[in-house]
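In what follows, a single structure is set out as structure tokens and then discussed.
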Ligand SMILES: *Cc1c(COP(=O)(O)O)cnc(C)c1O
């Protein structure tokens with residue numbers, strides 16, 4: 017309580033749920049009859065599972081992936097009946113019982129995880145569901161070839177575990193020409209032949225926009241749902257987020273005056289400088305000091321000096337004297353500047369820009385004519 021509606025905050029993050037739904041449909045149509053699932057780890061890449069998951073459910077999504085067991089609870093609360101929730105990072109030792117009791121499906125990535133899941137199955141006298149991940153070349157998570165073959169050869173395994181999915185992850189799906197994609201596809205196909213009848217999944221967003229051979233039984237898009245094109249074939253993906261921040265002060269400085277911490281920027285002549293109420297405490301990367309820009313009415317306004325925790329400075333000399341005033345909002349993400357543009361300037365990737373944004377913005381969830389406004393910290 018005590019929050020001032022629509023005032024008293026410096027940044028506004030607009031999240032277009034209709035665009036997320038359209039991106040889901042785009043992918044689902046492209047991959048049909050393969051199932052289109054949704055990766056909603058890290059709070060749906062920072063956009064908020066409480067809003068994103070129901071929107072996806074409405075479009076028909078019934079399978080959700082999180083990274084950690086603790087993330088699965090909020091997803092289940094937000095999803096409707098008939099949903100399955102898979103845990104990509106697998107089963108931490110000691111989490112087996114809670115995972116089974118809650119009905120979450122672990123992705124089993126190692127021999128020890130399989131052993132522990134099987135022991136619980138035998139102790140409970142029932143089969144337990146799981147996905148199996150094989151490492152087809154990325155060396156991140158999953159069984160190597162020898163362990164995969166051993167598992168397939170052990171008839172006891174399929175009495176203890178009901179394999180709902182066999183999966184692997186592409187290292188280079190953002191680079192369609194990479195030889196690694198075909199190599200991973202071949203190795204994965206060989207692993208899948210050892211588990212006949214189990215649905216297979218290899219594609220993240222990048223894989224969705226490779227050849228149909230990558231679609232298999234189910235695809236696992238994340239970033240494309242949230243509006244960033246994973247590779248050059250994904251140009252139909254619709255942007256989802258818009259971020260604006262407020263001008264909190266404007267001043268004119270003379271030649272030789274410094275701006276910001278370290279006085280990194282020194283004005284080469286008379287300049288009009290605006291201080292904007294967004295900084296690294298809002299997830300705006302510090303690496304954009306002296307490099308990035310914000311936009312207003314089609315004008316690119318360069319960042320000058322370092323990014324502070326709660327503000328950054330821009331040079332607005334190019335605009336007419338009274339064009340911008342205190343209280344006006346400028347665009348940081350939107351039609352003039354995409355996630356990819358910012359990522360490029362920041363030496364980051366769109367995923368990183370998105371997941372860093374955090375809880376400090378006023379959030380406006382838009383779905384067609386409907387708007388739901390949440391105060392900073394309240395999503
Ligand atoms: C994060 C993740 C995805 C989704 O990746 P995007 O590139 O965001 O589509 C899919 N599969 C696995 C295993 C992941 O870790």
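Residue numbers (this note's numbering): 17 to 395.
For each residue, glycine too, the CB sits at the ideal point set by N, CA and C.
Query, Result
"Runs of beta strand (DSSP E) lying entirely within the region 199-249, each at least 3 residues, in chain order", "none"
"Residue 103 (DSSP reduced to helix, strand or coil)", "strand"
"Bounding residues of the alpha helix (DSSP H) (the contiguous stretch that carries residue 359)", "355-362"
"Own chain residues within Cβ distance below 6 Å of residue 148, not counting five before or after", "124, 179 and 182"
"Assigned secondary structure, residue 392 (DSSP; H/G/I helix, E/B strand, else coil)", "coil"
"Per-residue burial, residue 122 [other beta carbons within 10 Å of its own, 16 or more giving buried]", "buried"
"Reference residue 162; option with closest CA among 150, 172 and 156", "150"
"Whole-angstrom C-beta distance between residue 345 and residue 288, which should lie under 8 Å", "Contact flag wrong, Cβ pair sits at about 18 Å."
"Element boundaries [alpha helix (DSSP H), containing residue 131]", "127-140"
"6 Å Cβ shell around residue 111 - same chain, five flanking residues per side excluded", "85"
"Residue 118, enclosing alpha helix (DSSP H) - first and last residue", "112-118"
"Rounded straight-line distance, which links the Cα of residue 353 to that of residue 310", "8 Å"
"Close Cβ partners of residue 252 (< 8 Å) along its chain, the five nearest in sequence each way excluded", "42"
"For residue 437, the residue or residues it bridges with in DSSP", "This structure does not reach residue 437, given that the chain is present from 17 up to 395, and the question cannot be answered."
"Cα-Cα separation between residue 380 and residue 393, rounded to whole angstroms", "12 Å"
"Reference residue 254, options 157, 30 and 39, closest by Cα", "39"
"Test item: CB-CB of residue 36 and residue 71 under 8 Å", "yes"
"Sequence-distant residues of the same chain with beta carbon closer than 8 Å to residue 75, five excluded per side", "37, 40, 41 and 44"
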